[in-house]
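One structure is given here, and the rest of the page talks about it.
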Amino acid sequence: GLDIARQQPTKFEEEGVIIYKAPAGAMVVMNPQDGSVLAMASFPTYDPELFVSGISQDEFDDLIDPGNSLPLLNRVIQGTYPPGSTFKPFTAYAALDTGLIGSRGILGVNSMYLDEGIYTIPTCEGGTCEFQNAGAAAYGEVDLRLALTYSSDTYFYNLATHFDILPGFDLESPQVAAKYFGFGVPSGITLANENGGRIPTPDSRREAYRQNPEAFLTDKWLTGDTLNTSIGQGDVLATPLQIANAYAALINGGTLYAPNIGLRTINPITGETEVQYDSRVTRELYLPDAFSQPI
Numbered sequence: 560g561l562d563i564a565r566q567q568p569t570k571f572e573e574e575g576v577i578i579y580k581a582p583a584g585a586m587v588v589m590n591p592q593d594g595s596v597l598a599m600a601s602f603p604t605y606d607p608e609l610f611v612s613g614i615s616q617d618e619f620d621d622l623i624d625p626g627n628s629l630p631l632l633n634r635v636i637q638g639t640y641p642p643g644s645t646f647k648p649f650t651a652y653a654a655l656d657t658g659l660i661g662s663r664g665i666l667g668v669n670s671m672y673l674d675e676g677i678y679t680i681p682t683c684e685g686g687t688c689e690f691q692n693a694g695a696a697a698y699g700e701v702d703l704r705l706a707l708t709y710s711s712d713t714y715f716y717n718l719a720t721h722f723d724i725l726p727g728f729d730l731e732s733p734q735v736a737a738k739y740f741g742f743g744v745p746s747g748i749t750l751a752n753e754n755g756g757r758i759p760t761p762d763s764r765r766e767a768y769r770q771n772p773e774a775f776l777t778d779k780w781l782t783g784d785t786l787n788t789s790i791g792q793g794d795v796l797a798t799p800l801q802i803a804n805a806y807a808a809l810i811n812g813g814t815l816y817a818p819n820i821g822l823r824t825i826n827p828i829t830g831e832t833e834v835q836y837d838s839r840v841t842r843e844l845y846l847p848d849a850f851s852q853p854i
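Going from the sequence shown to our numbering is simple: count from 1 and add 559.
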């Protein structure tokens with residue numbers, strides 16, 4: 560067996576586990592300039608020696624018991640969660656990229672939107688028509704920067720509605736942008752059983768309804784679904800690694816990497832490098848300063 564060299568200060572992992580005293584959790588730190596994973600931790604953990612020396616049935620049952628918070632689950636790459644407001648920059652990107660925020664759209668980058676805490680879908684005739692910020696908090700006049708700073712849901716509800724109803728725009732624009740940034744598919748990290756998460760679409764809604772009609776009121780994609788998707792709720796699911804990797808692309812100017820967990824393999828006898836793992840580019844995104852600065 561070869562040794563693996565990692566660009567990974569383990570103090571990040573130790574501090575991440577110690578600071579947040581939760582029964583389960585995950586943390587990941589990346590270098591946005593090359594896609595290397597600096598720190599990764601999933602909690603609770605387990606002793607891998609159990610599988611080397613022989614594991615009893617009782618011990619294995621404990622590891623797969625949900626009551627023990629599933630120690631075998633690597634939450635960084637296998638746990639999927641609603642990304643919530645961490646998803647909003649990618650909806651903002653969709654609005655900038657399509658021109659919904661721009662000269663042919665509904666707002667300029669610096670245009671003010673009046674956030675009154677509650678948003679009502681125009682011409683809504685069924686289902687949920689009224690959506691609100693957390694606690695119905697009203698933030699007053701916000702532009703894109705302030706909407707992200709305050710996490711104004713209603714600002715993004717307004718964008719999402721116009722993706723859906725404004726001629727010349729596509730209701731799936733937030734989903735398309737999210738997939739550009741690596742959501743909805745495995746990141747390509749060289750670890751087994753990575754979960755690709757989920758980006759819902761009208762097609763996936765119809766298929767989900769076909770498989771389990773009791774779970775949905777209708778097989779149709781509603782404007783409210785677009786609103787929920789725009790703020791990372793509804794049926795959106797992502798791994799912590801996907802979120803970190805997407806933000807890395809925002810930070811580095813638009814390069815989406817396949818994350819590398821190791822730098823090189825080393826012969827433990829000679830100390831020589833056997834294999835060097837170079838950074839792997841998945842996609843170059845269109846991310847001019849006019850997009851990245853307000854985001």
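Glycine residues also receive a C-beta, built at the ideal position from the N, C-alpha and C atoms.
Please read all numbers here as calculations on a predicted model, not as lab measurements.
Does DSSP classify residue i as helix, strand or coil?
{"i": "arginine 839", "result": "strand"}
{"i": "valine 744", "result": "coil"}
{"i": "glycine 584", "result": "strand"}
{"i": "leucine 597", "result": "strand"}
{"i": "isoleucine 802", "result": "helix"}
{"i": "threonine 785", "result": "helix"}
{"i": "phenylalanine 775", "result": "coil"}
{"i": "tyrosine 845", "result": "coil"}
{"i": "glutamate 833", "result": "strand"}
{"i": "phenylalanine 602", "result": "strand"}
{"i": "leucine 609", "result": "helix"}
{"i": "alanine 564", "result": "Model confidence at alanine 564 stands at a pLDDT of 48, short of 50, so the residue's coordinates are unreliable; what they give is reported in the following sentence. Alanine 564 falls in the strand class under three-state DSSP."}
{"i": "alanine 797", "result": "strand"}
{"i": "alanine 807", "result": "helix"}
{"i": "phenylalanine 850", "result": "helix"}
Taking the alpha-carbon of residue i as reference, which of the options has the nearest alpha-carbon?
{"i": "leucine 781", "options": "Pro772, Arg764, Asn811", "result": "Arg764"}
{"i": "alanine 654", "options": "Asp723, Pro681, Gln592, Phe690", "result": "Asp723"}
{"i": "glutamine 637", "options": "Glu831, Asn771, Gly812, Ala751", "result": "Ala751"}
{"i": "glutamate 700", "options": "Ser711, Gln691, Phe690", "result": "Ser711"}
{"i": "glutamate 675", "options": "Ala706, Tyr816, Leu786", "result": "Ala706"}
{"i": "leucine 796", "options": "Ser662, Thr639, Ala585", "result": "Thr639"}
{"i": "alanine 600", "options": "Arg634, Glu608, Pro681", "result": "Arg634"}
{"i": "serine 732", "options": "Phe715, Pro745, Gly747", "result": "Phe715"}
{"i": "proline 761", "options": "Val735, Phe742, Asp621", "result": "Val735"}
{"i": "leucine 666", "options": "Thr645, Leu703, Val834, Pro603", "result": "Leu703"}
{"i": "valine 744", "options": "Leu800, Asp624, Pro648, Asp656", "result": "Leu800"}
{"i": "glycine 664", "options": "Ala696, Gly643, Pro726, Ile854", "result": "Pro726"}
{"i": "threonine 720", "options": "Ala696, Cys688, Thr708", "result": "Cys688"}
{"i": "phenylalanine 649", "options": "Phe742, Asp837, Asn771, Asp620", "result": "Phe742"}
{"i": "glycine 821", "options": "Met589, Ala585, Ala581", "result": "Met589"}
{"i": "cysteine 683", "options": "Leu786, Ser838, Asp778, Thr829", "result": "Leu786"}
{"i": "alanine 585", "options": "Pro591, Ser615, Thr798", "result": "Thr798"}
Just to check my reading of the structure: residue i and residue j have Cβ atoms closer than 8 Å, yes? What is that Cβ distance to the nearest angstrom?
{"i": "glycine 783", "j": "glycine 686", "result": "6 Å"}
{"i": "glycine 813", "j": "tyrosine 845", "result": "7 Å"}
{"i": "isoleucine 758", "j": "alanine 737", "result": "5 Å"}
{"i": "leucine 718", "j": "leucine 659", "result": "6 Å"}
{"i": "tyrosine 678", "j": "threonine 713", "result": "4 Å"}
{"i": "alanine 808", "j": "phenylalanine 740", "result": "6 Å"}
{"i": "asparagine 804", "j": "serine 851", "result": "Actually they are not in contact, since the Cβ atoms of asparagine 804 and serine 851 sit about 16 Å apart, beyond 8 Å."}
{"i": "alanine 598", "j": "valine 611", "result": "About 25 Å; that fails the 8 Å criterion."}
{"i": "proline 642", "j": "isoleucine 748", "result": "Rounded, the Cβ-Cβ distance is 18 Å, inconsistent with contact."}
{"i": "threonine 824", "j": "glutamate 831", "result": "That belief does not hold up - the Cβ atoms of threonine 824 and glutamate 831 are roughly 10 Å apart, past 8 Å."}
{"i": "proline 603", "j": "alanine 583", "result": "6 Å"}
{"i": "valine 840", "j": "tyrosine 816", "result": "6 Å"}
{"i": "isoleucine 802", "j": "threonine 645", "result": "6 Å"}
{"i": "isoleucine 856", "j": "lysine 647", "result": "Given a span of 560 to 854 for the chain in the structure shown, any question on residue 856 remains unanswerable."}
{"i": "phenylalanine 728", "j": "threonine 657", "result": "6 Å"}
{"i": "leucine 622", "j": "tyrosine 605", "result": "6 Å"}
{"i": "aspartate 593", "j": "serine 838", "result": "4 Å"}
Check the Cβ-Cβ distances between residue i and every residue of chain B, and say whether any is below 8 Å.
{"i": "proline 761", "result": "Of the protein chains in the structure, only one exists, and it is not chain B."}
For the beta strand (DSSP E) that contains residue i, what are its first and last residues?
{"i": "glycine 699", "result": "699 to 701"}
{"i": "arginine 817", "result": "Note that residue 817 corresponds to alanine in the displayed sequence, not to arginine. Looking at the DSSP string, the run of the beta strand (DSSP E) that includes alanine 817 is 814 to 817."}
{"i": "isoleucine 825", "result": "823 to 825"}
Can you tell me where the alpha helix (DSSP H) with residue i in it begins and where it stops?
{"i": "glutamine 592", "result": "Here glutamine 592 belongs to no alpha helix (DSSP H), and DSSP marks it neither H nor E."}
{"i": "threonine 720", "result": "712 to 724"}
{"i": "proline 733", "result": "732 to 739"}
{"i": "proline 625", "result": "That residue, proline 625, is in no alpha helix (DSSP H); it is neither H nor E in DSSP."}
{"i": "glutamate 753", "result": "That residue, glutamate 753, is in no alpha helix (DSSP H); it is neither H nor E in DSSP."}
{"i": "glutamine 792", "result": "From DSSP, glutamine 792 is part of no alpha helix (DSSP H); its letter is neither H nor E."}
{"i": "serine 763", "result": "761 to 770"}
Runs of alpha helix (DSSP H) wholly within the segment 627 to 696 (minimum 4 residues, chain order): 647 to 657
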